[in-house]
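I have placed the structure first, in the form of structure tokens, so that the comments after it can refer back to it.
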Amino acid sequence: MRYFMKINELLGKRYKEKPNDVKLKSHELLLRGGYIRPVASGIFSILLPGQKILKKIENIVRQEINNVGGQEVEMPLVQPKELWQESGRYAAINDELVRLKDRNERGMVLAMTHEEAAVALARTEATSYKDFPFSIYQFAKKFRDEARPRGGLIRVREFTMKDAYSFHRDQESLNKSYSEYASAYDRIFARVGIPEVISVKSDSGMMGGNVSHEYMLLTPSGEDTIITCTKCAYRANKEVATANIEPKNADVDVLPLEKVHTPNTKTIEEVAKFLGVDTSRIAKAVVYKPTKKDSRAVIVMLRGDREVNENKLAKVLLATPEFADDSVFEASKIVPGFASGYKACNARVIVDESLRNEKNLIAGANEQDYHFKNFNVPRDIPEAEFYDISVVQDGDRCPECGAQIKINRGIEVGNIFQLGDKYTKPMKMTYTDENGALQVPIMGCYGIGIGRLMASVVEAKHDDRGPIWPVSIAPWDVSLIALMPKTNDDSTVKSAEKLYHELQSAGIDVLLDDRNTSAGEKFADIDLLGIPLQFVISQRTLEQGKAEWKIRATGEKGLIDLDKVVSMAQNWILSENQKIMEIAKSVQDNTINTFKQKK
RNA sequence: CGGGGUGUAGCUCAGUCUGGUAGAGUGCUUGCUUUGGGAGCAAGAUGUCGAAGGUUCGAAUCCUUUCGCCCCGACCA
1460 MRYFMKINEL
1470 LGKRYKEKPN
1480 DVKLKSHELL
1490 LRGGYIRPVA
1500 SGIFSILLPG
1510 QKILKKIENI
1520 VRQEINNVGG
1530 QEVEMPLVQP
1540 KELWQESGRY
1550 AAINDELVRL
1560 KDRNERGMVL
1570 AMTHEEAAVA
1580 LARTEATSYK
1590 DFPFSIYQFA
1600 KKFRDEARPR
1610 GGLIRVREFT
1620 MKDAYSFHRD
1630 QESLNKSYSE
1640 YASAYDRIFA
1650 RVGIPEVISV
1660 KSDSGMMGGN
1670 VSHEYMLLTP
1680 SGEDTIITCT
1690 KCAYRANKEV
1700 ATANIEPKNA
1710 DVDVLPLEKV
1720 HTPNTKTIEE
1730 VAKFLGVDTS
1740 RIAKAVVYKP
1750 TKKDSRAVIV
1760 MLRGDREVNE
1770 NKLAKVLLAT
1780 PEFADDSVFE
1790 ASKIVPGFAS
1800 GYKACNARVI
1810 VDESLRNEKN
1820 LIAGANEQDY
1830 HFKNFNVPRD
1840 IPEAEFYDIS
1850 VVQDGDRCPE
1860 CGAQIKINRG
1870 IEVGNIFQLG
1880 DKYTKPMKMT
1890 YTDENGALQV
1900 PIMGCYGIGI
1910 GRLMASVVEA
1920 KHDDRGPIWP
1930 VSIAPWDVSL
1940 IALMPKTNDD
1950 STVKSAEKLY
1960 HELQSAGIDV
1970 LLDDRNTSAG
1980 EKFADIDLLG
1990 IPLQFVISQR
2000 TLEQGKAEWK
2010 IRATGEKGLI
2020 DLDKVVSMAQ
2030 NWILSENQKI
2040 MEIAKSVQDN
2050 TINTFKQKK
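Be aware that the first sequence starts at 1460, since it is given in my numbering, and climbs by one per residue.
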């Protein structure tokens, strides 16, 4: 069997120039290095270097998931719509779900994820309590017609995901599986070269999900916002993060309410400017439509310098908040621009914790061109309901230890969810327990986007010249550059080929560059391919019977006897892999320890 | 879906305002020279100027419509 290993046989140009319109470093380098090619927005083809990396990542994931008892399966991309009607998602999901018809007009969908298929598979196979617990997983394509793909492989429409589904009789069993997967994830991210990935509390959706964590690579180019504590282990996605908010005006006497004329001051900024106060002195009101369960409009009040977190609000309302339109304002006698919960007719007033201790605020008077001064929520809106519904922001304090928090950006490289019976119940999955009674099992699900993970490694590990792949996932273990001699002498090429075969025979995956091009181009190409260990032989080194070695990550280099190249490469690869495995172990141990401490 | 930008050679872009019939660099092909960080000289190939319609003697350029792609936001099972 023959395998492509010479750079001149490799399909895929490498570019000197940065492609137009590319913002993320991973996107740029993956294009420039000939790893990926765009086909349509959010849809890519993968060339050999990228494919080799993806397969290595998959193998690491496979080992770790097998290790926690996952059974590898494969479920289809094209699925009958009835499956999705059973779970209710056929109606619940909009344009992200691609719907199509087969030749017999049967409605089909492209799977965005495989909970339905997993339950459909499991419910016919696991019918006795003796069958539980178990988990299945696969590496499978998903198609999500994303509103806005972006950043190369960071957010795409078609992608391969490792998705695992575990099935349990009780919460205790689910918890066990959940922490096993969490531990496997720590090892996976460490083994692919980004041990700095952290797990954060995340939003599990307003329906049912009780616990979920996202695995985040903190990087400025990330699209999620992550709150971390500078002191303790608190970390959470902005969607669910809570914080202690410093009151700005608490230790003062409550003054009598006073109405002031504030013409043409509809926005918080206008009011603040008109009255010469900071926006934090204003009680901002945001009005939402009534929900199905409650016919009253919803007025959310919070400090003027803060924003509504609609995720948190959704949990309070038990519905997705929608901004009010004119009809809502009219029906509820709320004056837009001058709204507040004060004597609001037929509105539910939800007040953010940010206002709990603030005194003598400015608030709308529900009257055109008038605001109140010295507004105090407990006195002026006795029926107010207090909730934490604002977005955590800079300057807030950690909810657990009170230390300063930090706001970071992150890329979500994986997630783990406790789904409960969200899918098993509507899809009528049951098993018979010891007493002969039918029971509904509960589920967990665990995802890792393989392509996104590759791109994330580039985001974390690169320099100006290209990606710096850890040896565990590098497209080739070593590269061998033969620099052309000044004379017609072919001994350099001969020696390179000999060495190349020796390395290959020793089981080392090696890429040979024996092209008749300038040295600079060869070095640039090999750097773009990010190969961890590079060898160079030239007339100069051959005269001494040596080859030059160079480590991509550190730039260290030296000379080595030709007959020691193979053993040096073997030893180096072995020791790098060992280092990675040690890091994986220590990351895993750390997490287990923190986990134990918390308990 | 809202806002912004952009489509001209494989890639990066000029030309568009002021209409006159297609350009540069890089890459590619061939030859010679060169060879330790993207070499030099010479010769050559490559475009429905995103698409459709319109105005005009004449459209990459003006007008209308439309599509793609990128970025910000909304959304993100």
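Here a beta-carbon is modelled for each residue, glycine too, at the ideal position from N, C-alpha and C.
### Task
Please go through the same chain and pick out, in chain order, the residues whose beta-carbon is closer than 6 Å to the beta-carbon of K1465, but skip the five residues on each side of it.
L1971
### Query
Which same chain residues, not among the five before or five after V1670, have their C-beta less than 6 Å away from its C-beta?
Q1877
### Query
Residues in its own chain within less than 8 Å of D1590 by CB, not counting five upstream and five downstream?
E1584 and Y1890
### Task
Quick one: residues in its chain with C-beta nearer than 6 Å to the C-beta of G1667, no 5 flanking neighbours on either side, listed in chain order?
Per-residue confidence for G1667 stands at a pLDDT of 47, beneath the threshold of 50, marking its modelled position as unreliable; no derived number is given.
### Task
Look at G1681 and A1744 and say whether their C-beta atoms are less than 8 Å apart.
no
### Span of the beta strand (DSSP E) around D2020
K2016 to D2020
### Message
Could you compute how far the alpha carbon of R1838 sits from the alpha carbon of G1735?
### Response
24 Å
### Task
Given a cut-off of 8 Å, decide if I1516 and A1623 are closer than it, judged by their beta-carbon atoms.
no
### Task
Output the distance between the C-alpha atoms of V1930 and I2039, rounded to the nearest integer angstrom.
9 Å
### Query
Opposite T1619 in the DSSP bridges: which residues?
K1600
### Message
Could you check whether V1916 and L1489 sit closer than 8 Å to each other, using their CB atoms as the reference points?
### Response
no
### Task
Go through its chain and collect everything with a Cβ distance to R1548's Cβ below 8 Å, but skip five positions before and after it.
L1556 and E1575
### 3 or more residues per run - each beta strand (DSSP E) lying fully within the segment 1801-1871
1806-1811, 1820-1826, 1829-1834 and 1844-1846
### Secondary structure of P1539, DSSP reduced to three states
strand
### Message
Suppose contacts are defined by Cβ-Cβ distances below 8 Å. Is G1873 in contact with Y1674 by that definition?
### Response
yes
### Task
Over the uninterrupted beta strand (DSSP E) stretch that includes I1495, give me the two end residues.
I1495 to A1499
### Query
To which residues of the same chain is P1722 closer than 8 Å at the C-beta, ignoring the five residues directly before and after it?
D1828
### Query
What does a CB cutoff of less than 6 Å around T2000 pick up in its chain, not counting 5 residues either side in sequence?
A2006 and E2007
### Query
For the putative contact between N1708 and E1812, defined by C-beta atoms under 8 Å, what is the C-beta separation to the nearest angstrom?
About 15 Å separates the two Cβ atoms, so there is no contact after all.
### Query
Using DSSP with H/G/I as helix, E/B as strand and the rest coil, what is H1672?
strand
### Query
If you run the structure through DSSP and keep just helix, strand and coil, what is Q2047?
helix
### Message
Taking the alpha-carbon of A1649 as reference, which of I2042, F1593, F1982 and K1472 has the nearest alpha-carbon?
### Response
I2042
### Query
Buried or exposed: where does H1720 fall if 16 or more other Cβ atoms within 10 Å of its Cβ makes it buried?
exposed
### Message
I'd like the span of the beta strand (DSSP E) that includes K1560, first residue to last.
### Response
R1558 to K1560
### Message
If you measure between the beta carbons of E1729 and N1833, is that distance less than 8 Å?
### Response
no
### Query
What number of angstroms, rounded off, separates the C-alpha of V1520 from the C-alpha of K1621?
8 Å
### Task
Take H1627 as the anchor and find which of S1594, R1762, A1978 and V1713 has the nearest alpha-carbon.
S1594
#### Entry: Three CB pairs or more closer than 8 Å across the segment 1841-1856 and the segment 1635-1645
no
### Task
May I ask you to list the residues that DSSP assigns as paired with W2008?
F1994 and G2017
### Message
Using the Cβ count rule (16 or more neighbours within 10 Å means buried), how would you classify H1830?
### Response
buried
### Task
Pick helix, strand or coil for A1742, following the three-state DSSP scheme.
strand
#### Entry: Distance between T1726 and V1615 (C-alpha atoms, nearest Å)
38 Å
### Query
Helix or strand or just coil, what does DSSP make of F1591?
coil
### Query
Going by other Cβ atoms of all chains shown within 10 Å of its Cβ, with 16 needed for buried, is Q2047 buried or exposed?
buried
#### Entry: Beta-carbon separation (whole angstroms), F1598 vs L1536, contact threshold 8 Å
That belief does not hold up - the Cβ atoms of F1598 and L1536 are roughly 12 Å apart, past 8 Å.
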